[in-house]
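>
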Amino acid sequence: PALGMGYGMLPPNGAKSKIPSVTYTSDEYNKAKVRYGDLTLHVRGAYHGNFVDAPLWAPSVVMRTLSLLIPAAGPSNPVEVHDQLAESASEFIR
């Protein structure tokens, strides 16, 4: 949804993809009520940075400290978040 927010691709302009889509939102995006696609799921305890691979390889202390400045990683377990994202995306595709 972040790309769409910057390019007018999200509602309320009525844009809708013809391809079924699922969107995952972090705590801050959910709070802003960002929604897109056929299904929007809030990943509780995840910040924007949890949707990239950095929380998987960077030490938690680094990510948590960085989160004081930017939304680098939420309190959720990064491995669990990525596993759940992969599993739910796979189910959506089926």
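For this note's numbering, count along the sequence shown from 1 and bump the result up by 14. Beta carbons: idealized from backbone N, C-alpha and C, even for Gly. Since the model is a prediction, treat every value here as computed from it, not as a measurement.
(1) Looking at the structure shown, is V36 part of a helix, part of a strand, or coil, going by DSSP?
(2) For D97 and M77, what's the separation of their Cα atoms in angstroms?
(3) Under a three-way DSSP split, which group does L55 fall into?
(4) Given a threshold of 16 other Cβ atoms within 10 Å of its Cβ, counted over all protein chains shown, does V95 qualify as buried or as exposed?
(5) If you follow the alpha helix (DSSP H) that S104 is in, where does it begin and where does it stop?
(6) Within 8 Å, do at least three Cβ pairs link the stretch 74-94 to the stretch 51-61?
According to the structure data:
(1) Stepping through the sequence shown from its first residue, residue 36 is reached at position 22. V36 sits in a strand when the DSSP states are folded into three classes.
(2) Here residue 97 is taken as the residue at index 83 of the sequence shown, counted from 1. Here residue 77 is taken as the residue at index 63 of the sequence shown, counted from 1. Between D97 and M77, the C-alpha separation is close to 19 Å.
(3) Sequence index remark: in the sequence shown, residue 55 carries index 41 (1-based). Residue state, collapsed to three classes: strand.
(4) Taking the sequence shown and counting its residues from 1, the one referred to as residue 95 is at position 81. Counting every other CB atom within 10 Å of its CB across the protein chains shown gives V95 a total of 16 or more, marking it as buried.
(5) Start at 1 with the first residue of the sequence shown, and residue 104 comes out as number 90. Taken as a continuous stretch (DSSP letters only), the alpha helix (DSSP H) holding S104 covers P92 to I107.
(6) Yes, since at least three Cβ pairs between the stretch 51-61 and the stretch 74-94 fall closer than 8 Å, the two stretches touch.
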